[in-house]
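Numbering (the numbering used here), first residue to last: 455 to 592.
Where a beta carbon is used, it is the ideal one built from N, C-alpha and C, also for glycine.
Read the structure below first, then the notes.
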């Protein structure tokens, strides 16, 4: 039994609201890239995430593992948005940048990314605690 990437994509998409992204990523290439970028960030996973085909993980992932990967994908999704606004900021004077909503938008994105990272770290910590062998800690 396996877990398809589409299952992880569904978890990811349930956490964002971006119709433009969904329209542009009909072929799942961006979602696939975000998933690949997320895998190394989930080092404590009990399943071997390197064992995969073009469309799925070989092993069946738990709901918790799927949630962690989907949440890590949200962090990856936010990175280019933040970078894009930072590039706009570099081309504008501080006054011009402050007059637009870009500065406020960038702050919201940075806050959202930081909150999502904290949320993911908590999920991973809980996952590790719940799936670890505490008898090995001596």
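Could you give the residue range of the alpha helix (DSSP H) that holds residue 487? The sequence position of residue 487 within the chain shown is 33, counting from 1. 483–492 is the span of the alpha helix (DSSP H), which, as asked, contains residue 487.
One or two residues paired with residue 511 in a DSSP bridge: Within the chain shown, numbered from 1, the residue matching residue 511 stands at position 57. Under DSSP, residue 511 forms a beta bridge with 457, 506.
- Message: Please classify residue 530 as buried or exposed, where buried requires at least 16 other C-beta atoms within 10 Å of its C-beta.
- Response: Position 76 of the chain shown, counting from 1, holds the residue named residue 530. It is buried - the Cβ of residue 530 has at least 16 other Cβ atoms within 10 Å.
| What distance in whole Å lies between the Cβ atoms of residue 475 and residue 524, which are believed to be in contact at a cut-off of 8 Å? | Taking the first residue of the chain shown as position 1, residue 524 is located at position 70. Taking the first residue of the chain shown as position 1, residue 475 is located at position 21. Under the criterion of beta carbons closer than 8 Å, residue 524 and residue 475 do not qualify as touching, at roughly 14 Å.
**Asked** From this set, 559, 582, 526, 506, which residue's C-alpha is nearest residue 572's C-alpha?
**Response** Along the chain shown, one-based indexing puts residue 572 at 118. Of 559, 582, 526, 506, the residue nearest in Cα terms is 526.
- Message: Quick check on this structure: which residue in 461, 501, 559, 566 has the alpha carbon closest to the alpha carbon of residue 585?
- Response: Taking the first residue of the chain shown as 1, we reach residue 585 at position 131. Nearest neighbour of residue 585 by Cα position, chosen from 461, 501, 559, 566, turns out to be 501.
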